[in-house]
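Colleague: Below are the structure tokens for one structure; questions will follow.
There are 2 protein chains.
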Amino acid sequence: MRMAEVSLKFDLTQDTLRYYERIGLIPPVNRNNNGIREYTEDNLRWVEFIKCMRNAGLPIEALIEYVNLFQQGDHTTQARKELLIEQREQLRLRIEEMTNTLARLDSKIENYGQGINRKEKELSRLTETEIG
Amino acid sequence: MRMAEVSLKFDLTQDTLRYYERIGLIPPVNRNNNGIREYTEDNLRWVEFIKCMRNAGLPIEALIEYVNLFQQGDHTTQARKELLIEQREQLRLRIEEMTNTLARLDSKIENYGQGINRKEKELSRLTETEIG
DNA sequence: CATTGACTTGGAGTTCACTCCAAGCGTTAA
DNA sequence: TTAACGCTTGGAGTGAACTCCAAGTCAATG
Numbered sequence: 001m002r003m004a005e006v007s008l009k010f011d012l013t014q015d016t017l018r019y020y021e022r023i024g025l026i027p028p029v030n031r032n033n034n035g036i037r038e039y040t041e042d043n044l045r046w047v048e049f050i051k052c053m054r055n056a057g058l059p060i061e062a063l064i065e066y067v068n069l070f071q072q073g074d075h076t077t078q079a080r081k082e083l084l085i086e087q088r089e090q091l092r093l094r095i096e097e098m099t100n101t102l103a104r105l106d107s108k109i110e111n112y113g114q115g116i117n118r119k120e121k122e123l124s125r126l127t128e129t130e131i132g
Numbered sequence: 001m002r003m004a005e006v007s008l009k010f011d012l013t014q015d016t017l018r019y020y021e022r023i024g025l026i027p028p029v030n031r032n033n034n035g036i037r038e039y040t041e042d043n044l045r046w047v048e049f050i051k052c053m054r055n056a057g058l059p060i061e062a063l064i065e066y067v068n069l070f071q072q073g074d075h076t077t078q079a080r081k082e083l084l085i086e087q088r089e090q091l092r093l094r095i096e097e098m099t100n101t102l103a104r105l106d107s108k109i110e111n112y113g114q115g116i117n118r119k120e121k122e123l124s125r126l127t128e129t130e131i132g
């Protein structure tokens, strides 16, 4: 599969695909006789995987390291596993924090729902009491 | 309270505090006779609130709009509520996506745990089957 | 009275993650 | 055979969100 199609398939610009490959965020894609990238199924899986992980906020640096380890072969599986465990923990923490913030927003919206508009109530929307 | 202390309290640089105020991400902070910012309790609540919302990924633009509405007074409560509801929905979606990715990481790590290292297994770590 | 330290301002600089550009090449269509 | 198309490359440009800087003010200290 060529860039144009991959670009459409994953909604990433061709420039972004080239950029990801250039910085090692996805492994190199083989070229045909004319030097044109031909994405294999494996390449496509990498693109999808990286897009998913980036969307979840995993740092580019960590993902580049993961790709590097992958390319070094089977003796890096332990290191890769540790990397994933670390990133999972970071992600878990981010989700936890965001879930707390979501609850705080719920509470704030709830307060607006009560039709309050007095000064002290207005201010209370900013206090931490509403998340406690 | 002065900048230095606020900066320590919330782990935001003084430059960032000034920047947030400059772009309207927090309402203006009153100055004393010498032109120096004196943060009130309300100011501190705003700083904390904005930091929390930014950490959760709410867009700066939306938060500036929220602060603007707040400063326009009580007749904007409905608009503020709608803004918060919209942002809550966006946040909910982000959390959902990230939770799916977390499950995918769990599954990937699980696979590494089985001590597999054959080619086809290696590749399977990239497939979507592991999240299904 | 000079220096130090904490602040002020406007504006320039930095980093990240793309995004765009110019020049060039190989295949297809007229 | 000329043109268009889709790709190639290295490198420059962009926007967001800070981050830093220079020049200046004011109050307190030696």
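Protein chains in written order, with full-length UniProt numbering: chain A, 1 to 132; chain B, 1 to 132. The C-beta atom is built at its ideal place from N, Cα and C for all residues, glycine as well.
Is Arg18 of chain B near Leu105 of chain A, with beta carbons less than 8 Å apart?
Modeller: As a working mapping, residue 18 of chain B is identified with position 18 in the second sequence. As a working mapping, residue 105 of chain A is identified with position 105 in the first sequence. Their beta carbons are not under 8 Å apart, which means Arg18 of chain B does not touch Leu105 of chain A by this criterion.
Colleague: Pull the bridge partners of Arg80 of chain B from the DSSP assignment, please.
Modeller: Counting from 1 along the second sequence, the entry for residue 80 of chain B is found at position 80. According to DSSP, Arg80 of chain B bridges with nothing at all.
Colleague: Using the beta-carbon count (16 or more within 10 Å), is Ile95 of chain B buried or exposed?
Modeller: Locating residue 95 of chain B in the second sequence gives position 95, where the first residue counts as 1. Under this definition Ile95 of chain B is a buried residue.
Colleague: Is DSSP giving Arg31 of chain B helix, strand or coil here?
Modeller: For this step, residue 31 of chain B is matched to residue 31 along the second sequence. Three-state DSSP puts Arg31 of chain B in a strand.
Colleague: Taking any Cβ of chain A, which residues in the segment 61–85 of chain B have a Cβ under 7 Å from it, in chain order?
Modeller: Within the segment 61–85 of chain B, the residues whose Cβ lies closer than 7 Å to some Cβ of chain A are Asp74, Thr77, Arg80, Lys81, Leu84 and Ile85, listed in chain order.
Colleague: Leu91 of chain B versus chain A: which residues are under 8 Å apart at the beta carbon?
Modeller: Here residue 91 of chain B corresponds to residue number 91 of the second sequence, with the count starting at 1. Here the neighbours are Met98, Thr101, Leu102 and Leu105.
Colleague: Can you tell which of B:Gln90, B:Glu65 and B:Arg92 has its C-alpha closest to the C-alpha of Ala79 of chain B?
Modeller: The sequence position of residue 79 of chain B within the second sequence is 79, counting from 1. Ala79 of chain B has its Cα closest to that of B:Glu65, out of B:Gln90, B:Glu65 and B:Arg92.
Colleague: Comparing C-alpha positions only, which one of B:Gly57, B:Gly113, B:Gln90 and B:Lys81 sits nearest to Glu82 of chain A?
Modeller: For the purposes of this step, residue 82 of chain A is taken as residue 82 along the first sequence, with counting starting at 1. Out of B:Gly57, B:Gly113, B:Gln90 and B:Lys81, B:Gly113 has the C-alpha closest to the C-alpha of Glu82 of chain A.
Colleague: Assuming Glu38 of chain A and Arg2 of chain A are in contact, meaning their beta carbons sit under 8 Å apart, how far apart are those beta carbons, in whole angstroms?
Modeller: Locating residue 38 of chain A in the first sequence gives position 38, where the first residue counts as 1. Locating residue 2 of chain A in the first sequence gives position 2, where the first residue counts as 1. Yes, they are in contact, since the Cβ atoms of Glu38 of chain A and Arg2 of chain A sit about 7 Å apart, within 8 Å.
Colleague: Let me check understanding here. Comparing Cα to Cα, which of A:Pro28, A:Thr76, A:Ile85 and A:Asn68 lies closest to Ala103 of chain B?
Modeller: Sequence index remark: in the second sequence, residue 103 of chain B carries index 103 (1-based). The shortest Cα separation from Ala103 of chain B among A:Pro28, A:Thr76, A:Ile85 and A:Asn68 belongs to A:Ile85.
Colleague: Give the straight-line distance between the Cα atoms of Trp46 of chain A and Ser7 of chain A, rounded to the nearest whole angstrom.
Modeller: If you number the first sequence from 1, residue 46 of chain A lands on position 46. If you number the first sequence from 1, residue 7 of chain A lands on position 7. Straight-line Cα distance between these residues: approximately 13 Å.
Colleague: Output the boundary residues of the alpha helix (DSSP H) element that contains Met53 of chain A.
Modeller: Along the first sequence, one-based indexing puts residue 53 of chain A at 53. Where Met53 of chain A is concerned, the enclosing alpha helix (DSSP H) stretches over Glu41 to Asn55.
Colleague: How would you list, in chain order, the residues of chain A whose beta-carbon sits under 9 Å from the beta-carbon of Tyr20 of chain B?
Modeller: Residue mapping note: residue 20 of chain B aligns to position 20 of the second sequence, counting from 1. Those do not exist, as Tyr20 of chain B stays about 15 Å from chain A at its closest Cβ, beyond 9 Å.
Colleague: Would you say Asn55 of chain B reaches chain A, if we count a Cβ-Cβ gap shorter than 8 Å as a contact?
Modeller: Position 55 of the second sequence, counting from 1, holds the residue named residue 55 of chain B. Asn55 of chain B counts as touching chain A.
Colleague: For Gln14 of chain A, decide whether its Cβ has a neighbour in chain B, counting only Cβ atoms nearer than 8 Å.
Modeller: By 1-based counting over the first sequence, the position of residue 14 of chain A is 14. Gln14 of chain A does not count as touching chain B.
Colleague: Using the rule of at least 16 other Cβ atoms within 10 Å of the residue's Cβ for burial, across every protein chain shown, is Leu12 of chain A buried or exposed?
Modeller: Taking the first sequence and counting its residues from 1, one reaches residue 12 of chain A at position 12. By the 10 Å Cβ count, Leu12 of chain A comes out buried.
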